[in-house]
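Before any comments, here is the structure.
2 protein chains.
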Amino acid sequence: MPKLGMEPIRKAALVKATIVEIGRAGSLDVTVSQIAKRAGMSSALAHHYFGSKEEIFLAAMRHILTLYGAEVRGALAAAQGPEGRLRAVLTASFSPGNFRREAVSAWLNFWVLAQSVPEARRLLAVYQRRLRSNLLAGLRPLAGARAESVADGLGALIDGLYLREVLKSGAPDGAAAVTVALDYLTSQLKGPRA
Amino acid sequence: MPKLGMEPIRKAALVKATIVEIGRAGSLDVTVSQIAKRAGMSSALAHHYFGSKEEIFLAAMRHILTLYGAEVRGALAAAQGPEGRLRAVLTASFSPGNFRREAVSAWLNFWVLAQSVPEARRLLAVYQRRLRSNLLAGLRPLAGARAESVADGLGALIDGLYLREVLKSGAPDGAAAVTVALDYLTSQLKGPRA
DNA sequence: AAGTTTATTGACTCGTCAATCAACAAAAAC
DNA sequence: GTTTTTGTTGATTGACGAGTCAATAAACTT
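Which chain is which? The protein sequence lines are A and B, in order. Quick note, the working numbering runs 2 ahead of the 1-based positions in the first sequence. Quick note, the working numbering runs 2 ahead of the 1-based positions in the second sequence.
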């Protein structure tokens with residue numbers, strides 16, 4: 003009963019299933035069979051559409067980054083003024099969606115992947131550049147020449163806060179992370195030292 | 003030719019070899035045979051001394067944390083005054099040793115492990131508590147009541163800066179990371195807001 | 001209607017790997 | 001000097017997993 007035009011549907015299902023399975027395992031130690039089963043097809047079909055397990059992982063990574071990007075863009079669209087834009091980036095970065103088990107596991111494992119898979123490293127670089135550029139857009143009116151260095155610090159702080167929140171025991175607290183980041187921002191903008 | 007008292011020697015060799023292999027693979031996708039071979043023994047002996055692969059990994063993680071702890075302690079011993087102590091913690095955290103491939107891979111993978119292996123999570127919590135306590139010791143004389151929140155922000159910033167340095171392409175720059183962290187510190191200490 | 005393209009899977013290959021075990025060797029204990 | 005403890009490995013087990021392939025079937029083309 004083959005219906006035509008299945009490819010994008012199957013691929014999307016596999017990507018979703020991959021992220022779920024990575025979340026369940028907490029690692030990339032996930033078999034193609036597990037993924038395919040969760041996506042409701044045979045493992046042979048998964049190989050047919052993606053060619054290899056690594057391609058499946060990379061597609062999943064692209065999807066995670068796309069989701070994050072869309073969230074930021076959405077928040078940005080509703081933001082008013084430079085402070086509003088910065089706040090939008092922060093709240094999007096620490097939104098509940100990013101603290102779901104699947105997202106957490108995906109991010110941590112993508113950092114690991116980036117060490118050895120060039121394409122994964124490239125994708126992560128894209129994410130970082132986009133974040134930096136978003137921060138800079140909000141910072142330039144407020145920090146002038148210091149915008150660049152504040153953006154770099156803030157970018158690192160965002161990643162670090164995320165890491166802390168997801169690794170600590172107990173439920174992560176995105177709002178607290180936003181507060182700390184805003185506090186960093188305030189103190190950096192107050193005292194524009196040498 | 004069995005000499006007695008081999009156990010600690012063999013275990014130490016296995017731990018070292020494990021860290022090297024994790025560095026080479028960039029992941030925990032490392033076989034006991036690879037580790038044992040690098041350590042100059044049969045895989046059976048590795049199992050004999052550690053019981054399971056997971057135990058080997060945990061021993062490696064303990065070793066990495068021990069190394070880091072020793073480095074911090076050493077730097078702290080030579081430090082003068084609160085500012086000196088804080089600077090010591092930062093330089094130790096961004097020392098060249100922590101940017102060696104093996105160390106990087108170990109840290110990234112231990113973050114992943116911490117998601118699913120309780121003992122790994124515990125070890126990471128120990129590291130974070132120790133870091134926090136070291137920062138607090140330096141911060142209390144300088145920041146008073148704000149010490150706690152500054153320590154939390156600085157701790158996250160350290161992790162985030164580390165992550166950025168190790169994931170960016172090109173050689174990591176520990177000194178730059180220290181500078182950013184010190185700048186954070188300065189601006190936080192200047193404006194003790196409400 | 002014959003041929004082509006797309007969808008789909010069960011069965012299979014070939015490899016790997018964690019863990020176990022039997023056996024051997026040397027030192028220590030008795 | 002025999003028994004026990006410690007060190008050591010080759011061989012094996014038992015399981016699993018990525019990727020391939022032949023075969024089947026529906027749809028679309030000509």
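Glycine included, every Cβ here is placed at the ideal spot set by N, Cα and C. Just so we're clear, the structure is a prediction, and the values are computed from it rather than from any experiment.
8 Å Cβ cutoff, residue i in contact with chain A
i	result
residue 134 of chain B	no
residue 76 of chain B	no
residue 137 of chain B	no
residue 95 of chain B	no
residue 54 of chain B	no
Interface residues of chain A facing residue i [CB-CB closer than 8 Å]
i	result
residue 111 of chain B	114
residue 123 of chain B	169, 171
Below-8 Å beta-carbon distance, residue i vs any chain B residue
i	result
residue 154 of chain A	yes
residue 162 of chain A	yes
residue 196 of chain A	At residue 196 of chain A the pLDDT is 44, less than 50, meaning the model places this residue with poor confidence; the figure from the coordinates comes in the next sentence. Not one chain B Cβ lies under 8 Å of residue 196 of chain A.
residue 60 of chain A	no
residue 197 of chain A	Nothing about residue 197 of chain A can be read from this structure; chain A reaches only from 3 to 196.
Under 9 Å by beta carbon: chain A residues contacting residue i
i	result
residue 186 of chain B	155, 159, 186, 189, 190
residue 182 of chain B	151, 154, 155, 158
Residues that residue i contacts on chain B, provided the C-beta gap is smaller than 8 Å
i	result
residue 165 of chain A	113, 158, 161, 162, 165
residue 126 of chain A	169
Amino acids of chain B, ordered along the chain, whose beta-carbon sits closer than 9 Å to that of residue i
i	result
residue 99 of chain A	Per Cβ cutoff of 9 Å: no residues; residue 99 of chain A is ~18 Å from chain B at best.
Assigned exposure category for residue i - 16 Cβ within 10 Å defines buried
i	result
residue 108 of chain A	buried
residue 8 of chain B	exposed
residue 80 of chain A	exposed
residue 128 of chain A	exposed
residue 147 of chain A	exposed
residue 190 of chain B	buried
residue 174 of chain A	buried
residue 30 of chain A	buried
residue 157 of chain B	buried
residue 72 of chain A	exposed
residue 68 of chain A	exposed
residue 188 of chain A	exposed
residue 162 of chain A	buried
Partners in chain A for residue i, counting only beta-carbon separations shorter than 7 Å
i	result
residue 29 of chain B	114, 118
Per-residue contacts from residue i into chain B (C-beta, under 7 Å)
i	result
residue 107 of chain A	117
Discussion item. Can you confirm whether the stretch 148 to 167 of chain B touches the stretch 95 to 109 of chain B when touching is taken to mean that 3 or more C-beta pairs between the two stretches lie within less than 8 Å?
Written reply: yes
Worksheet item: Which parts of the stretch 54 to 97 of chain A are runs of the alpha helix (DSSP H), unbroken and 4 residues or longer, counting only runs that do not cross its ends?
Response: Given a length threshold of 4 residues, each whole run of the alpha helix (DSSP H) inside the stretch 54 to 97 of chain A is given here in chain order: 55 to 79, 83 to 95.
Worksheet item: In chain order, which beta strand (DSSP E) runs of at least 3 residues are fully inside the stretch 94 to 178 of chain A?
Response: none
Worksheet item: Are at least three pairs of beta-carbons, each pair with one atom in the stretch 42 to 50 of chain B and one in the stretch 7 to 22 of chain B, less than 8 Å apart?
Response: yes
Discussion item. Which complete alpha helix (DSSP H) runs does the stretch 11 to 62 of chain B hold, if anything under 4 residues is left out?
Written reply: 34 to 40, 45 to 52
Worksheet entry | Inter-stretch contact at 8 Å, needing at least 3 Cβ pairs: the stretch 117 to 135 of chain A / the stretch 29 to 38 of chain A | The stretch 117 to 135 of chain A, when compared against the stretch 29 to 38 of chain A, does not touch it at the 8 Å Cβ threshold.
Worksheet item: So, do the stretch 145 to 159 of chain A and the stretch 69 to 79 of chain A have three or more beta carbon pairs nearer to each other than 8 Å?
Response: In this structure the stretch 145 to 159 of chain A does not touch the stretch 69 to 79 of chain A; the number of beta carbon pairs closer than 8 Å is below three.
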